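S.K.: Before anything else, here's the structure in question.
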Amino acid sequence: MIRAFGVSDAGPVRDSNEDSFVSAPELGLFAVADGMGGHRAGEVAASLAIEAITAFISRSDEDEDVTWPYGIDEELSIDGNRLRTAIYLANRKVFRAAESTDDYGGMGTTVVAVLINGDRAAIGSVGDSRLYLFANGKLEQLTQDDTWAATILAQDPTMRMDDIAQHPMRNVLTNVLGGRPTVDVRMSERQLHGGETLVLCSDGVHGVLDEARIKQILEEHEDVSAAAQAIIDAALAEGSRDNVTALVVRYEA
344 MIRAFGVSDA GPVRDSNEDS FVSAPELGLF AVADGMGGHR AGEVAASLAI
394 EAITAFISRS DEDEDVTWPY GIDEELSIDG NRLRTAIYLA NRKVFRAAES
444 TDDYGGMGTT VVAVLINGDR AAIGSVGDSR LYLFANGKLE QLTQDDTWAA
494 TILAQDPTMR MDDIAQHPMR NVLTNVLGGR PTVDVRMSER QLHGGETLVL
544 CSDGVHGVLD EARIKQILEE HEDVSAAAQA IIDAALAEGS RDNVTALVVR
594 YEA
């Protein structure tokens, strides 16, 4: 059984909410996108990405003869390939929309998505929206940020985040949907055992809430709707000036 609830808020500064999410337990699909670009283009990019991902997951769930325009990755399961293809299609849709008009030029979006089928979870991400897994009293980040800071830290294991915490490029994205015709999608798969809680969130949340605080909130709130709202409330209370989105998913065997 899967229970899920998502909350998104424009925050105290932004006029519009450029975050978008889908929570579709009937498909096993959960995703968060954080758009960027002027003239509300970020809002368009995130919405287009979520629409494209949802459409392909729905279509491939119903049609066994679905085509695979980006081929098959033999290291992934069928569901892993479904999610991988869905994200590639989302990139194509956002990129084409960005080329169609000057108002959308340069727009893009992050995305983090999980597709659950039985006790298996396929995970895909582009950008710095994150997926956390909370189980057995431990919180683990399952995705890797596509940012300048993450790239530098990966190249030099002796360096800590505190060493570059004030660097002006620390949050610059190195990979987004819609920025170019092709995109690098980080894919992984994981077996679920029951009792896990997944948290998908935009950087408006994890930029101000550390893992200890997110873990504390999940420990305090058993209900997924209460947990999602508490994460948003905490992010805003900590001074987040960005759009904030949290999608909490609980899996029971």
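Quick note on numbering: the sequence shown equals residues 344 to 596 in the numbering used here.
Here a beta-carbon is modelled for each residue, glycine too, at the ideal position from N, C-alpha and C.
Computed from a predicted model, the values in this text were never measured in an experiment.
Decide yes or no for the touch test of the segment 382-390 against the segment 442-455: beta carbon pairs closer than 8 Å, at least 3 of them.
M.R.: Touching, yes.
S.K.: Is the CB of residue 390 under 7 Å away from at least one CB in chain D?
M.R.: Absent from the structure: chain D. Only one protein chain is present.
S.K.: In the DSSP assignment, what residue or residues form a beta bridge with residue 460?
M.R.: Mapped onto the sequence shown, residue 460 falls at position 117. In the DSSP output, where bridge partners are listed per residue, residue 460 has 463.
S.K.: In the DSSP output, what is residue 594 paired with across the bridge?
M.R.: What you label residue 594 is simply residue 251 of the sequence shown in a count that begins at 1. Answer by DSSP bridge pairing, in chain order: 345 and 539.
S.K.: Taking just the CA atoms, how far does residue 428 sit from residue 402?
M.R.: Against the sequence shown, residue 402 aligns to sequence position 59. Against the sequence shown, residue 428 aligns to sequence position 85. Cα to Cα, residue 402 sits roughly 12 Å from residue 428.
S.K.: With a Cβ-Cβ cutoff of 7 Å, do residue 414 and residue 532 count as a contact?
M.R.: Mapped onto the sequence shown, residue 414 falls at position 71. Mapped onto the sequence shown, residue 532 falls at position 189. No, they are not a contact pair.
S.K.: According to DSSP, what are the bridge partners of residue 567?
M.R.: Mapped onto the sequence shown, residue 567 falls at position 224. In DSSP, residue 567 forms no bridge with anything.
S.K.: Measuring CB atoms only, is the segment 468-477 touching the segment 435-448, in the sense that at least three cross pairs come out at less than 8 Å?
M.R.: Contact fails: fewer than three Cβ-Cβ distances are below 8 Å.
S.K.: With a 10 Å radius around its C-beta and 16 neighbouring C-beta atoms as the bar for buried, classify residue 425 as buried or exposed.
M.R.: As a working note, residue 425 is residue 82 in the sequence shown. Buried: at least 16 other Cβ atoms inside 10 Å.
S.K.: What residue range does the beta strand (DSSP E) around residue 366 cover?
M.R.: Translated into positions along the sequence shown, residue 366 becomes position 23. Per DSSP, residue 366 belongs to the beta strand (DSSP E) from 362-367.
S.K.: Is it right to say residue 421 is buried, meaning 16 or more other beta carbons lie within 10 angstroms of its own, or is it exposed?
M.R.: To locate residue 421, count along the sequence shown from 1; it is residue 78. Classification of residue 421: exposed, given that the 10 Å Cβ count is below 16.
S.K.: Pick helix, strand or coil for residue 451, following the three-state DSSP scheme.
M.R.: Indexing the sequence shown from 1 puts residue 451 at position 108. Residue state, collapsed to three classes: strand.
S.K.: Is residue 351 closer than 7 Å to residue 358 when the C-beta atoms are compared?
M.R.: One-based indexing of the sequence shown puts residue 358 at position 15. One-based indexing of the sequence shown puts residue 351 at position 8. No, the Cβ-Cβ distance between residue 358 and residue 351 is not below 7 Å.
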